[in-house]
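Residue numbers (this note's numbering): 51 to 454. Built from N, CA and C at the ideal position, the CB exists for glycine as well. Just so we're clear, the structure is a prediction, and the values are computed from it rather than from any experiment. Working notes, beginning with the structure itself.
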Amino acid sequence: MYKINENYQKLPGSYLFSTIAKKVAAFTQANPEKNIIRLGIGDVTQPLAPAVIEALHKAVDEMGHAETFRGYAPDLGYDFLRNAIVEHDYKSRGCDISADEIFVSDGAKSDSANIQEIFGPDNKIAVCDPVYPVYVDSNVMAGRTGVYDTQTETWSDVIYMPCTMENNFVPEFPKETPDMIYLCLPNNPTGTTITKAQLQEWVDYANKAGAVIIYDGAYEAYISETDVAHSIFECEGARTCAIELKSFSKNAGFTGVRLGYAVVPKDLKCGEVSLHQMWARRHGTKFNGAPYIVQRAGEAVYSPQGRAQLKEQVAYYMKNASIIKNGLQDAGYTVFGGVNAPYIWLKTPDKMTSWEFFDYLLEQANVVGTPGSGFGPSGEGYFRLTAFGSYENTLGALERIQKL
Ligand SMILES: *Cc1c(COP(=O)(O)O)cnc(C)c1O
């Protein structure tokens, strides 16, 4: 009789988005005349940029002719894309990263879930709390997290770094030394970030502790302040302690197109063993390359037209972010984020729990957001609104909230 991977049985149900969907469905059924505005899920709404569409069409046509048809893509990505990434995301910022350190993938969710495979089962992970759920859940599946405590909603073998108002949402070095540290900056869900000097401290800490930092830079394009690093490789010493994950989902609206990449520097070594070689081996065995058509679309993101168009798209969402942030502040809310990230993280008023505020907002303003407690115990008492809606919906939602 076969056996299953028992670790999957340990996963607590991820009820967050299904609970939200059920509550919204029940409300809509009871109040069919109400027009609901959704600022909950972190998905983009604006169409792909014209430069990207043009590149997609051209690549599709190439696939229709024997002379230009392409089969399997190289495992690690086409040179045209890896070179564009290095030029624009690294060289231009003074980062010493070469094209053969870039591993093109189908997105940062898969990379952030898969990267733990090349680390030993006894490594201890540290995560921010609240956090993007993928980091912990993928380690649960691998049997690395110990026992789940339903009371505290924490795992016995995971180090949690609370990020709350009290520490300005900046994780502090944990008391116990971790082996693997997940950092997502600018942060989902809190929308906050840290300065380059603060990130340098994390790099120094990891090098000293012999830890690796898994750095999720999915929201890099939303950085507006000048003292914030766009890549962890802007920090001295990051080549010996960091892996960076990037995505085309939020900077270029590729959530339905699928493209991302990981940077594993050749200087990242565990004793004599190169993690770059391990990830190349893993990628070569388990991934057969991102589609040619999509990689051409990714290349267009870096063209002069693509860059100009996407700068506008990011500005569109960030205008929504400031409408939400300012509107909530005017209405008396305590608000965070929204400056270097498309998320607004607010303190629930009157000591409401995250779910109480969810119900209140749904019933009174017909606006859907995401309860902070869904991202971890330290998210209790907070609430996330996204700037990824349309301008009109964002304005509408804020008008309603201000009338409460
Ligand atoms: C959206 C998001 C990603 C990107 O995921 P893709 O798989 O590239 O779409 C990665 N990390 C975080 C924290 C995110 O919010």
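- Beta-bridge annotation (DSSP): Y265 is paired with L233, E294.
- By a beta-carbon distance limit of 8 Å, L295 contacts A158. Their separation comes to about 5 Å.
- DSSP lists F386, R434 as the beta-bridge partner residues of W395.
- The beta-bridge partner set that DSSP reports for M211 consists of C178.
- Residue range 310 to 313 is occupied by the beta strand (DSSP E) that includes G310.
- Under DSSP, P421 shares a beta bridge with F433.
- In the three-state scheme derived from DSSP, where H, G and I count as helix and E and B as strand, T78 is classed as helix.
- Chain-ordered, the residues whose CB falls short of 5 Å from any heavy atom of ligand 1 come out as G157, A158, K159, Y182, C234, N238, D266, A268, S297, S299, G310.
- For S155, the uninterrupted beta strand (DSSP E) segment begins and ends at 152 to 155.
- With respect to P236, Y269 sits close: the two C-beta atoms are nearer than 8 Å.
- By the neighbour-count criterion, in which 16 or more other beta carbons inside 10 Å mark a residue as buried, P62 falls on the exposed side.
- Straight-line spacing of the CA atoms in K300 and Q96 works out to 11 Å.
- T276 sits in coil when the DSSP states are folded into three classes, being neither helix nor strand.
- The three-state reading of DSSP puts Y255 in helix, counting H, G and I together.
- Inter-residue distance for L131 and M113 is about 18 Å (C-alpha atoms, whole angstroms).
- Here D400 is not bridged, per DSSP, to any residue.
- Nearest in C-alpha terms to L448, of all of D229, V136, S372, G267, is S372.
- Listed as beta-bridge partners of D199 by DSSP are T204.
- A distance below 7 Å between beta-carbons, with the five flanking residues on each side excluded, links K316 to the following residues of its chain, in chain order: E151, S324, H326.
- Taken atom to atom, the span from the alpha-carbon of P82 to that of A415 is near 14 Å.
- The segment 191 to 201 makes no contact with the segment 247 to 262, as fewer than three CB pairs between them are under 8 Å.
- For V190, the enclosing alpha helix (DSSP H) has its first and last residue at 184 to 191.
- Using a Cβ-Cβ distance cut-off of 8 Å, the segment 104 to 122 and the segment 373 to 384 are not in contact, since fewer than three pairs of beta carbons, one from each stretch, lie closer than that value.
- Shortest Cα-Cα distance from N370 to any of G339, Y393, D161 involves Y393.
- Taking the Cα positions, T245 is about 51 Å away from A116.
- The straight-line gap separating the alpha-carbon atoms of C234 and V184 is approximately 12 Å.
- Excluding its 5 nearest sequence neighbours in each direction, Q355 has C-beta neighbours in its own chain below 6 Å: A101, listed in chain order.
- Annotation for L106: the continuous alpha helix (DSSP H) segment containing it runs 100 to 113.
- In the DSSP annotation of this structure, the continuous segment of the alpha helix (DSSP H) that includes E449 starts and ends at 441 to 453.
- CA-CA distance, P427 to G92, rounds to 20 Å.
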